[in-house]
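Heads up: the structure comes next, in structure tokens.
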Amino acid sequence: FKEVPPMKEPAILETPSETIQTEKDNHKLELDIPTFTPLVNGEDLDIGKYEYFPYADKLITEPKVALRIIRQLKNGEIPSNYKDYIFARYCVGVEDTNANAIKAAYEAFQIFKNFSLKKRRKIMSDIHALLLENKEKLIELMIIEGHPRKVAEWEFSGMDKVCTKEALDLYLPHLLNKVAENGNESFYWTRRPDGVVCLNPPKNAPCSSSYIGVLAILAGNTIIIKPPYKNPLSTIYLWKEIIYKAMVENNVPLGSINIVLGNSIKIMEEWLVSKYTNDIIYIGDSKKGLEVGVRAYQMGKKPILELSGNDTVFIWKDAPLVESVKSLLDGFMGATQICMIPKKAMVHEDIFEDFKERFIEEVKKLKIGLPSDPETILTPISKILEFYDYLSDALQKGAKLICGGDRVNYKGLPSIEGEFITPTVISIEDDSKVKDMKLFNEEIYFPLIPLVKVSANTLDKKDDIIFKKMINLANSEKYGLRFSAWTNSNSYVKKFMNNLSKSGILRINSRHVNFSSYLATHGGLKLSGGPFGEMNYVWQKTSTLQGVSITNLKKKAEIKKGK
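Here this note's numbering is used: the first residue of the sequence shown is 14, the next is one more, and so on.
What follows is the structure, given as structure tokens:
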């Protein structure tokens with residue numbers, strides 16, 4: 014590892030700010046590209062204020078040209094080659110767009126809350142059917158936004174599991190359930206919808222992450238969603254052409270789904286202070302998310318937080334090497350800039366060398382390339398300078414660089430202004446040092462995966478010592494999205510299940526990033542979800558449990574008469 018000279022962040026980050034800009038003289042240019050618009054109370058808001066969205070491939074390969082064409086379009090000019098660089102434009106909101114959305118959602122809720130559970134389930138089934146019909150369109154949009162196909166397909170696999178028939182069969186009895194009878198009295202648990210749910214998805218995976226909000230509809234809520242200002246296309250399409258369309262076909266009030274675009278801080282503040290909003294679903298960075306959570310509580314709102322992660326895979330001495338290596342390899346999806354992927358491995362000392370050798374062999378096969386390349390899983394890095402800071406910190410504290418660590422361009426060639434980092438693996442063979450490293454205490458948000466050798470200094474009760482160390486390391490982590498563990502031992506399956514309790518989801522002997530119909534796709538503890546974090550069933554989080562007692566007066570009279 015060599016000292017890295019001061020460098021600027023990659024040009025890929027130089028995308029339009031959240032300052033609303035209009036074309037020259039506010040003239041609506043006649044362009045042969047799609048236009049994506051906000052949606053308020055059933056009305057498409059094409060008000061002539063636009064941002065322009067370039068193909069991610071072009072923003073990587075020819076950033077200066079792509080950004081110049083965007084500036085020309087905003088100035089009222091139409092370059093002859095604009096269609097080669099610009100995929101679409103999207104309309105931003107005006108001053109009262111969000112206020113109107115809040116009003117529409119509130120008024121729609123007064124009607125929608127009375128829709129029967131049977132009708133809401135029908136809506137969910139129709140949404141799922143439309144989702145499957147639009148699979149390729151959504152994946153295409155995610156690729157245009159910069160998601161490699163393999164990553165987009167994985168994201169869609171999670172979306173597919175959100176409201177399957179199996180999932181709905183599990184959820185519905187919890188929304189209305191007769192739990193007992195006692196003489197002439199019957200007892201019910203019912204979950205009442207909270208009201209207007211405001212949804213703020215993250216910048217890195219807005220479409221797939223936002224889809225968890227669809228389960229707020231199952232609970233009977235109405236929704237306002239604010240896609241990220243800089244990459245809103247796939248999210249707008251999902252909520253307008255799939256979710257909203259299915260709801261309209263089921264005669265739901267028009268204001269049940271609203272899509273707003275604009276300044277994130279301003280919109281969030283309006284959500285927080287409005288007396289007509291109830292829940293805030295914030296998906297993103299832990300620091301900002303917890304700040305939103307505090308404000309939400311202060312304003313009498315319910316915060317539902319989906320925040321950062323720093324997931325760990327635990328590899329026991331009898332773990333199947335092929336499967337466990339493949340599971341950890343998923344940590345490089347999206348260049349490790351996804352919250353719920355594995356970002357480090359704790360490996361039993363008996364298997365450490367074999368695991369490391371096979372893992373490095375597979376890492377070296379990973380491809381750097383453009384999002385449109387079907388073999389690519391790595392993406393441009395948003396925090397290149399932090400990558401070298403974290404890597405340097407680990408190496409100074411005893412880690413060893415095994416492979417990677419080079420800044421390159423999309424062709425994989427060395428470049429001091431490259432947008433990519435070659436997948437990087439470090440070895441930490443003294444497990445006592447890992448707690449002092451930044452990569453253990455903070456989220457890893459770049460392609461850097463540490464392999465930690467967990468050892469015992471004695472043969473006496475060696476496995477007990479190593480297992481205890483693994484659990485102590487797990488419990489001392491600040492984040493808690495997912496844990497996964499690999500072992501062929503039934504006794505250690507039970508041990509991991511009973512002791513790895515500080516995460517929203519635990520997967521044993523299956524791919525860390527897999528999704529299952531009966532489990533939520535999101536949810537975490539600690540800095541991953543705040544003080545009330547857990548696996549997140551959104552239908553549950555956006556509703557309130559009410560106990561109901563119903564006395565049958567006729568039966569009561571009969572009982573009394575019989576006595």
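Ideal placement from N, C-alpha and C gives every residue a C-beta, glycine not left out. Because the structure is a prediction, the values reported are computed rather than measured.
Put residue i into one of helix, strand or coil per three-state DSSP.
i	result
D449	helix
S30	In this predicted model, S30 has a pLDDT of only 41, less than 50, meaning its place in the structure is not dependable enough to derive any value.
E430	coil
N485	helix
E319	strand
E571	helix
F49	strand
Y250	helix
T437	strand
E56	strand
L566	helix
I373	helix
L414	strand
M510	helix
A469	coil
K539	strand
R308	helix
A229	helix
Y401	helix
R524	coil
Y505	helix
Using only alpha-carbon positions, find the residue among the options that is nearest to residue i.
i	options	result
W202	Q553, K574, N565 and L566	Q553
G313	V326, T290, I296 and G233	T290
D331	K300, M353, L426 and I364	I364
S440	D402, F372, G347 and N511	F372
G537	L461, T437 and G322	G322
V105	Y95, S247, L188 and K62	K62
A114	S504, I434, K482 and I270	I270
G89	Y119, I296, E64 and M353	E64
I107	M155, I99 and N276	A small correction: the amino acid at residue 107 is Val; Ile does not occupy that position in the sequence shown. Ranking the options by Cα distance to V107, first place goes to N276.
V551	K491, I230 and L391	I230
E1	A118, D182, E319 and S530	The requested residue 1 is not part of the displayed model; the chain covers only 14 to 576.
P240	F49, P393 and P92	F49
Q409	D449, P384 and I381	D449
I225	K174, L189, N197 and E430	K174
I83	M346, N111, L44 and G233	L44
S170	L145, V265 and G517	L145
Y242	C220, L228 and S468	C220
V421	K413, T435 and Y310	T435
I237	P47, D386 and L212	L212
E153	K258, L519, N263 and F100	F100
T557	A121, S340 and P206	P206
I272	H141, I249, N234 and E442	I249
V164	L185, G302, L391 and D477	L391
V192	L183, K567, S562 and K573	S562
L58	E149, K253 and P463	K253
Based on the DSSP secondary-structure assignment, which residues constitute the bridge partners of residue i?
i	result
A533	Partner(s): none; A533 has no beta bridge.
Y201	K191 and V561
F496	T325 and L519
Y68	Its beta-bridge partners do not exist; DSSP assigns none.
T235	V209
N271	I237
Y295	N213 and L318
L464	A358 and S440
Can you list, in chain order, the residues of its chain whose CB lies under 7 angstroms from that of residue i, leaving out five sequence neighbours each side?
i	result
A487	T325, F496, L513 and K515
E158	A69, N244, L246 and S247
Q85	P92
S530	K174, T177, E179 and A180
I46	K96, I99, F100, A101 and R102
T564	N197 and E198
N39	Only weak support exists for where N39 lies, its pLDDT of 42 falling under 50; the value from the coordinates is given anyway. Excluding sequence neighbours, N39 sits near G61.
G302	Y295, L318 and L320
Which same chain residues end up closer than 6 angstroms to residue i when comparing Cβ atoms and leaving out the 5 residues on each side of it in sequence?
i	result
Y403	K451 and L452
N217	Q350
A407	I439, M450 and L452
G425	I381
L251	C220
L342	E375
S541	L320, G322, Y492, G493 and L494
Sorted by chain position, which residues of the same chain lie with C-beta nearer than 8 angstroms to residue i's C-beta, five sequence neighbours on each side aside?
i	result
I484	N512 and L513
A383	In the sequence on display, residue 383 carries Leu and not Ala. Excluding residues within five positions, the ones whose Cβ falls inside 8 angstroms are A69, D70, I73, T74, T389 and Y423.
I457	N323, T349, K356, K357 and Y403
S502	W329 and D331
S489	K448
Notebook entry, point to check: Curious, which full-length beta strand (DSSP E) runs of at least 3 residues does the stretch 83 to 147 contain?
Noted result: You should have 99 to 104.
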